[in-house]
Amino acid sequence: MDLNKLADALIPDENVKPLDYYETLFPERDLPKGAQVTRLAPSPTGFMHLGNLYVALANERIAHQSGGVFYLRIEDTDEKRKVEGAVEVIHSSLKYFDVIFDEGADLCGNYGPYYQRQRAEIYHAYAKELIKKGLAYPCFCTEEDLEKTREYQTENKLLPGYYGEFAKCRNLSEEEIYANLAAGKPYVIRLKSQGDVEVKHTFHDEVKGDITVTENNQDVVILKSDGIPTYHFAHAIDDHFMRTTLVIRGEEWLSSLPIHIELFKTLGFHLPKYGHNCSIQKVDGETRRKLSKRKDPEASLTFYREQGYHPTAVKTYMMTLLNSNFEEWMLKFPDKPLDEFKYSIGKMGKSGALFDILKLNDISKTIMATLSETEMYDFLKSWADDFGNEAQKSYFADKDYMLRVLTLCMGIGGKKRRKDFVCAKQAMEMIDYFFDSTFAPVYEYRFDKETVKTILQGFKATYVYADDMQTWFEKVKAVATASGFATDMKAYKADPTAFPGNVSDVAEMLRIATTGLYNTPDLWTIMQILGEERTFARLDKAVAAL
Ligand code: GLU
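So the sequence shown is numbered by our numbering: it starts at 0 and just counts up by one.
If you want it as structure tokens, here you go:
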């Protein structure tokens with residue numbers, strides 16, 4: 000059979016150039032020894048999973064720490080999964096976490112195009128080459144033919160797939176092929192696998208260590224009937240021509256590794272190093288399961304932005320999952336930037352990484368407590384601009400006021416920084432009582448109405464805005480004494496039944512009246528920030544509500 004003629008008949012692409020052309024167009028990269036070229040290769044589905052950030056961080060760290068290149072390739076061969084605007088989502092979600100690509104889709108770079116759909120010519124060139132060498136062939140099997148084979152294999156407990164005796168089109172004669180073409184039958188191009196499932200090899204996975212890999216014997220599809228490559232074929236060609244040296248990807252790809260090994264070999268390409276990292280899991284009742292896009296809102300990267308998690312917090316938490324020695328490093332060098340941590344592929348977990356939002360929250364509180372009030376202002380403002388409601392946006396109209404609120408609520412200038420803020424959304428809700436537009440108190444006192452009323456009115460009668468903290472407190476004590484509340488804590492402790500309560504109960508009533516809350520930072524300062532007029536208005540409102 001004239002295989003050159005067959006290749007032209009099957010893939011009539013006039014743009015195809017001789018293979019050398021591509022080797023020259025995409026030369027080996029001029030990088031220092033040991034530099035790694037890594038990539039993120041998502042499909043443009045519009046959904047960014049936490050696992051995408053996980054893999055992106057590992058690849059980014061390894062590339063940049065080795066003086067290499069980290070690039071973005073869009074694997075858009077599956078039209079059904081493609082969503083408009085998905086690439087912007089990829090860029091914006093990763094940019095939020097400061098994961099920066101050196102080159103790739105919608106960026107510059109000499110190894111593009113970085114969209115697989117724009118690389119048809121290269122895939123066609125190599126598919127033709129394989130046909131010419133007798134290493135690929137057209138398959139005219141219909142969906143029904145394949146379904147029949149599947150049923151037979153299931154009934155007879157045979158390995159599924161298109162291989163051996165089930166690879167019906169593998170040995171079609173020249174006449175049969177041209178007759179099918181003349182009849183206009185649709186066809187795909189399949190690899191003519193040379194592998195044998197009885198043969199096993201040891202393969203060094205960069206994350207999992209040495210693993211046993213069975214040879215591939217499947218005649219996998221390399222070009223679909225519309226001439227678009229499959230992921231397997233496209234990624235092999237792309238990783239070769241983009242000069243990828245290391246692929247860290249999810250372990251769901253481990254089962255395809257035999258196909259990829261064979262494809263690289265058949266194409267005559269050097270196989271990059273692979274590391275398959277474990278999936279992110281969570282505890283669900285008694286069991287552990289994969290973090291699910293469907294069930295778990297925290298599986299989506301959007302969740303972290305909507306909640307307003309500080310990017311450094313999420314990144315730091317991801318690093319604790321990614322590298323087993325990271326936490327130790329973080330405790331030793333709490334002030335060093337993350338990028339100074341020496342990321343090591345060998346320290347990546349071999350089994351599932353357990354996602355624990357409480358731990359993330361803990362890390363987040365600590366990171367939030369390292370911000371200055373102006374940094375917090377900027378951070379909250381940018382969250383509010385994107386996700387806040389109109390009232391929350393209006394909090395930023397008076398910058399000075401907001402800075403005073405934040406200074407107090409973050410404990411800046413105090414003995415110890417407060418760690419109340421977990422994320423922007425929660426922080427904004429925590430400070431809403433400072434703003435009349437969102438001040439919606441539900442007053443719940445532990446004392447009867449009459450007592451509360453006497454206390455509030457008594458305080459109101461003596462409150463002077465200009466009083467310093469000491470004077471203010473003396474007045475609170477005086478109001479307490481007037482209603483029989485203890486101000487001497489020793490006396491109170493000796494016989495609590497002798498008093499209706501003590502001075503802290505009085506302060507609690509004032510606090511609830513002013514803020515609607517049981518727990519707040521220092522009340523005198525709150526009143527200072529609220530201002531005289533607003534403080535009086537709040538006391539009046541509280542009395543009126545009794
Ligand atoms: N396009 C694949 C995905 O969507 C990428 C797999 C790989 O990194 O090789 O996950």
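Note that beta-carbon positions come from the ideal geometry of N, C-alpha and C, so glycine has one too.
None of these values were measured; they are calculated from a predicted model.
Nearest-angstrom Cα distance between residue i and residue j?
{"i": "A178", "j": "E27", "result": "43 Å"}
{"i": "P228", "j": "F325", "result": "40 Å"}
{"i": "R417", "j": "S371", "result": "12 Å"}
{"i": "A439", "j": "K489", "result": "37 Å"}
{"i": "V212", "j": "L256", "result": "8 Å"}
{"i": "A506", "j": "D361", "result": "30 Å"}
{"i": "Y342", "j": "F433", "result": "43 Å"}
{"i": "Y151", "j": "G163", "result": "14 Å"}
{"i": "D377", "j": "R304", "result": "15 Å"}
{"i": "T37", "j": "G274", "result": "11 Å"}
{"i": "Y308", "j": "R537", "result": "32 Å"}
{"i": "G530", "j": "L402", "result": "15 Å"}
{"i": "L300", "j": "V196", "result": "39 Å"}
{"i": "A166", "j": "D238", "result": "28 Å"}
{"i": "S65", "j": "A34", "result": "5 Å"}
{"i": "C422", "j": "G111", "result": "38 Å"}
{"i": "D204", "j": "G183", "result": "44 Å"}
Using CA atoms only, rank isn't needed, just tell me which of the options is closest to residue i.
{"i": "Y113", "options": "F100, H123 and Y125", "result": "F100"}
{"i": "G208", "options": "I236, G194 and S350", "result": "S350"}
{"i": "F139", "options": "Q152, K476, E120 and Y161", "result": "Y161"}
{"i": "H269", "options": "D384, F240, D295 and N324", "result": "F240"}
{"i": "N388", "options": "S363, K424, L359 and Y376", "result": "K424"}
{"i": "L56", "options": "R304, G84, P17 and V98", "result": "V98"}
{"i": "H200", "options": "L321, Y376, D355 and I210", "result": "I210"}
{"i": "V88", "options": "D355, H48 and Y442", "result": "H48"}
{"i": "A497", "options": "D504, F484 and K448", "result": "F484"}
{"i": "I188", "options": "N58, E13 and E128", "result": "E128"}
{"i": "P296", "options": "L516, I356 and P17", "result": "I356"}
{"i": "A181", "options": "L9, K147, V82 and K474", "result": "L9"}
{"i": "F202", "options": "L320, K272 and D504", "result": "K272"}
{"i": "F386", "options": "K335, Q306 and M367", "result": "Q306"}
{"i": "Q115", "options": "A465, M347 and S42", "result": "S42"}
{"i": "G413", "options": "V441, Q391 and A368", "result": "A368"}
{"i": "P333", "options": "G183, L52 and T311", "result": "T311"}
{"i": "Q469", "options": "W523, I511, T486 and E443", "result": "W523"}
{"i": "T486", "options": "M347, S503 and A493", "result": "S503"}
Which class does residue i belong to by DSSP, given the choice of helix, strand or coil?
{"i": "F395", "result": "coil"}
{"i": "H200", "result": "strand"}
{"i": "K341", "result": "coil"}
{"i": "Q115", "result": "helix"}
{"i": "F69", "result": "strand"}
{"i": "E214", "result": "coil"}
{"i": "D209", "result": "strand"}
{"i": "K349", "result": "coil"}
{"i": "T558", "result": "Any property of residue 558 remains undetermined from this structure, which presents the chain solely from 0 to 545."}
{"i": "V505", "result": "helix"}
{"i": "K132", "result": "coil"}
{"i": "S91", "result": "helix"}
{"i": "Y464", "result": "coil"}
{"i": "N170", "result": "coil"}
{"i": "R149", "result": "helix"}
{"i": "S254", "result": "helix"}
{"i": "Y273", "result": "strand"}
{"i": "R614", "result": "The shown model of the chain, from 0 to 545, leaves out residue 614, and the question about it has no answer."}
{"i": "G590", "result": "Because the chain here runs from 0 to 545, residue 590 falls outside it and cannot be looked at."}
{"i": "K381", "result": "According to the sequence displayed, residue 381 carries Ser and not Lys. Of the three classes helix, strand and coil, the one that applies to S381 here is helix, per DSSP."}
{"i": "T23", "result": "helix"}
{"i": "G249", "result": "strand"}
{"i": "Q193", "result": "coil"}
{"i": "K474", "result": "helix"}
{"i": "E550", "result": "Outside the displayed range of the chain (0 to 545) lies residue 550, so it cannot be described from this structure."}
{"i": "L405", "result": "helix"}
{"i": "Q280", "result": "strand"}
{"i": "V542", "result": "helix"}
{"i": "S363", "result": "helix"}
{"i": "E297", "result": "helix"}
{"i": "P228", "result": "strand"}
Can you find a heavy atom of the ligand GDP that lies under 6 Å from the Cβ of residue i?
{"i": "H234", "result": "What this structure holds is the ligand GLU, not the ligand GDP."}
(message) Would you call the segment 70 to 81 in contact with the segment 255 to 262, where contact means no fewer than 3 C-beta pairs closer than 8 Å?
(response) no
(request) Answer yes if the segment 263 to 270 comes into contact with the segment 152 to 159, meaning at least three C-beta pairs across the two stretches below 8 Å, and no otherwise. (result) no
(request) Give a yes or no on contact between the segment 310 to 320 and the segment 243 to 256, applying the rule of three or more CB pairs nearer than 8 Å. (result) no
(request) Tell me, please, whether the segment 76 to 94 touches the segment 228 to 237 by the rule of three or more beta-carbon pairs shorter than 8 Å. (result) yes
(message) Across the segment 165 to 180 and the segment 115 to 127, are there enough close Cβ pairs to call them in contact, namely three or more that are closer than 8 Å?
(response) Taking 8 Å as the limit for Cβ pairs, the verdict is that the segment 115 to 127 does not touch the segment 165 to 180.
(request) State whether the segment 451 to 458 contacts the segment 472 to 480, with contact taken as three or more CB pairs (one from each stretch) at a distance under 8 Å. (result) yes
(request) Evaluate contact between the segment 399 to 417 and the segment 511 to 524, counting only Cβ atoms and requiring at least three cross-stretch pairs below 8 Å. (result) Flag = yes, the segment 399 to 417 and the segment 511 to 524 touch.
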